[in-house]
Amino acid sequence: MAAVAGQGARAVARSLAERCGAGERAALARAISVVEDRRPGFRELLAGLAGSGRRAHRTGITGPPGAGKSTLAAALAGHWRGSGEEVAIVAVDPTSPWSGGALLGDRVRMAPLQLDRGVFIRSMATRGAGGGLAEAVHDVVDLMEGSGFGRILLETVGVGQTELGVAAAADTVVLALTPESGDEVQAMKAGLAEVSDVFVVNKADRPGAHALVRQLRDAVGLGRRRSGRTPPVLAAVATTGEGIAAVADAIEEHRRSLAGSRALEALRIARAEARLRAEVRAALEAHLDRVAGDGGFAEAARIVAGGRATVYEAAKRLLTGGGILSGDEDA
Ligand SMILES: Nc1nc2c(ncn2[C@@H]2O[C@H](COP(=O)(O)OP(=O)(O)OP(=O)(O)O)[C@@H](O)[C@H]2O)c(=O)[nH]1
Ligand SMILES: [Mg+2]
Numbered sequence: 092m093a094a095v096a097g098q099g100a101r102a103v104a105r106s107l108a109e110r111c112g113a114g115e116r117a118a119l120a121r122a123i124s125v126v127e128d129r130r131p132g133f134r135e136l137l138a139g140l141a142g143s144g145r146r147a148h149r150t151g152i153t154g155p156p157g158a159g160k161s162t163l164a165a166a167l168a169g170h171w172r173g174s175g176e177e178v179a180i181v182a183v184d185p186t187s188p189w190s191g192g193a194l195l196g197d198r199v200r201m202a203p204l205q206l207d208r209g210v211f212i213r214s215m216a217t218r219g220a221g222g223g224l225a226e227a228v229h230d231v232v233d234l235m236e237g238s239g240f241g242r243i244l245l246e247t248v249g250v251g252q253t254e255l256g257v258a259a260a261a262d263t264v265v266l267a268l269t270p271e272s273g274d275e276v277q278a279m280k281a282g283l284a285e286v287s288d289v290f291v292v293n294k295a296d297r298p299g300a301h302a303l304v305r306q307l308r309d310a311v312g313l314g315r316r317r318s319g320r321t322p323p324v325l326a327a328v329a330t331t332g333e334g335i336a337a338v339a340d341a342i343e344e345h346r347r348s349l350a351g352s353r354a355l356e357a358l359r360i361a362r363a364e365a366r367l368r369a370e371v372r373a374a375l376e377a378h379l380d381r382v383a384g385d386g387g388f389a390e391a392a393r394i395v396a397g398g399r400a401t402v403y404e405a406a407k408r409l410l411t412g413g414g415i416l417s418g419d420e421d422a
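Here is the structure:
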């Protein structure tokens with residue numbers, strides 16, 4: 092039965108991949124669910140779209156809760172739609188979801204996007220799962236790319252170290268702040284230049300925006316970036332669209348600088364390597380769990396806690412037992 096179910100899942104995955112590739116939005120929505128929940132066939136589904144040769148530009152929008160990331164994403168999507176591009180948006184663990192949050196309250200502005208076939212919006216929740224989310228996000232972005240979206244926007248809450256690692260899926264990272272973000276800027280100072288490629292002080296209709304722009308320019312100027320490029324700092328009002336064209340231009344300028352310097356290829360390879368290592372690490376751990384059997388790790392842990400072996404000795408025993416080490420190597 093399991094084998095038959097597996098074959099069925101593979102056939103469904105193949106047909107879903109084909110329909111995604113042909114631009115069917117309902118198929119993409121289903122495919123994302125399959126990948127997100129790691130359902131049977133999800134690997135075949137990804138493999139089915141991997142050969143499309145399509146390349147999207149991926150823009151991450153990070154920033155503190157309520158900074159206006161979704162509004163900014165919507166405004167950028169509108170801008171790119173204006174030049175005929177198709178845009179997919181994925182919001183990771185939004186504190187105010189796209190479906191029912193602040194944005195849908197603003198029906199007039201969002202309605203055109205929601206009805207537009209050229210825009211696809213999806214939210215992903217961590218569901219307290221912790222691990223595995225970043226991997227699933229990469230996969231979802233790959234599905235969107237394979238489905239023909241040339242622009243992908245990834246919204247994620249957090250700044251720098253507090254962000255879930257989702258920004259690693261982006262080619263260009265935009266950090267959205269507000270005039271009230273002075274303390275965050277102060278705390279990160281020179282480190283800021285490394286966390287983002289474009290800085291946006293959103294809600295520039297509020298007092299203090301220009302002071303923060305100056306403060307940010309100083310902080311960003313302090314950091315030395317490997318690329319030698321100093322990230323631009325821009326002011327915007329996402330709700331009215333003011334400054335959005337300049338943000339889009341800055342994203343485009345970054346995209347071009349990446350492509351021109353071959354840094355884009357290096358970024359893709361580094362991203363692939365990180366994903367590959369995460370996958371191999373997870374598979375190794377699953378393998379060792381199987382080999383060690385029920386409670387194998389717990390038993391080894393008891394031995395370590397009881398002082399009868401060091402962590403290193405116990406780890407080496409597990410790795411040797413699992414056939415990962417031959418026994419005469421150093422773990
Ligand atoms: N005054 C002003 N309000 C804005 C601006 N941009 C967004 N807002 C409002 O700020 C609130 C939060 O906007 P969102 O786009 O949901 O912010 P977010 O960063 O996506 O929020 P989370 O996903 O919950 O972290 C909404 O009420 C927006 O209408 C702006 O430029 N000016
Ligand atoms: Mg949001």
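What the sequence shown shows, in the numbering used here, is residues 92 to 422, in sequence order.
Here a beta-carbon is modelled for each residue, glycine too, at the ideal position from N, C-alpha and C.
Residue i Cβ short of 8 Å to ligand 2 heavy atom set
i	result
alanine 182	yes
glutamate 285	no
lysine 294	no
Per DSSP, cross-strand counterpart(s) of residue i
i	result
phenylalanine 211	Ala179
threonine 153	Thr247 and Leu266
alanine 281	Alanine 281 pairs with nothing; no bridge assigned.
arginine 242	His148 and Val178
alanine 326	Val292
Residue i classed as buried or exposed, judged by whether at least 16 other C-beta atoms fall within 10 angstroms
i	result
alanine 350	exposed
glutamate 109	exposed
isoleucine 360	exposed
valine 371	exposed
serine 106	exposed
alanine 220	Caution applies to alanine 220, whose pLDDT of 45 falls short of 50 and renders its modelled position unreliable; the value that the coordinates give is listed next. Exposed, by the Cβ-count rule.
alanine 329	buried
cysteine 111	buried
Rounded separation between residue i and residue j - CA only
i	j	result
glycine 319	alanine 166	29 Å
methionine 92	valine 126	Residue placement at methionine 92 cannot be trusted, given a pLDDT of 49 that sits under 50; what the coordinates show is reported in the next sentence. Roughly 22 Å between the two C-alpha positions.
leucine 358	glycine 398	45 Å
lysine 294	threonine 331	10 Å
glycine 209	glycine 157	26 Å
alanine 267	lysine 160	6 Å
valine 292	glutamate 275	12 Å
glutamine 252	histidine 229	18 Å
glutamine 98	alanine 168	39 Å
valine 304	glycine 418	58 Å
arginine 213	glutamate 356	27 Å
glutamate 390	alanine 138	39 Å
glutamine 306	leucine 313	11 Å
isoleucine 152	aspartate 288	10 Å
alanine 400	arginine 408	10 Å
phenylalanine 388	alanine 373	15 Å
leucine 283	valine 311	6 Å
phenylalanine 133	alanine 100	9 Å
valine 395	alanine 377	21 Å
alanine 339	arginine 146	18 Å
Of the residues the options, the one placed nearest residue i, counting alpha carbons only
i	options	result
methionine 279	Val250, Ile123 and Val265	Val250
leucine 367	Ala182, Ala225 and Pro156	Ala225
alanine 258	Ile212, Thr150 and Arg353	Thr150
leucine 379	Ala405, Leu355 and Val248	Ala405
glutamate 177	Arg129, Leu234 and Gly241	Gly241
phenylalanine 211	Met235, Glu344 and Gln306	Met235
alanine 261	Pro270, Ser272, Asp128 and Thr247	Thr247
glycine 412	Ala383, Phe388, Tyr403 and Val402	Ala383
tryptophan 171	Glu343, Pro298 and Val103	Glu343
glycine 239	Glu285, Val264, Ala179 and Ala339	Ala179
glutamate 333	Leu163, Ala182, Ala377 and Arg145	Leu163
glycine 256	Ala227, Thr269 and Ala281	Ala227
alanine 337	Val265, Ala302 and Pro270	Val265
alanine 120	Ser143, Gly154, Asp184 and Met215	Met215
phenylalanine 290	Pro298, Gln277, Asp296 and Ala327	Ala327
proline 270	Glu364, Ser352 and Leu325	Leu325
Any non-hydrogen atom of ligand 1 within 8 Å of residue i CB
i	result
alanine 336	no
valine 264	no
arginine 297	yes
glutamate 246	yes
alanine 216	no
alanine 261	no
serine 161	yes
threonine 331	yes
proline 156	yes
valine 328	yes
alanine 258	no
alanine 267	yes
C-beta neighbour in chain C for residue i, strict 9 Å
i	result
alanine 108	No chain C is present in this structure, which holds just one protein chain.
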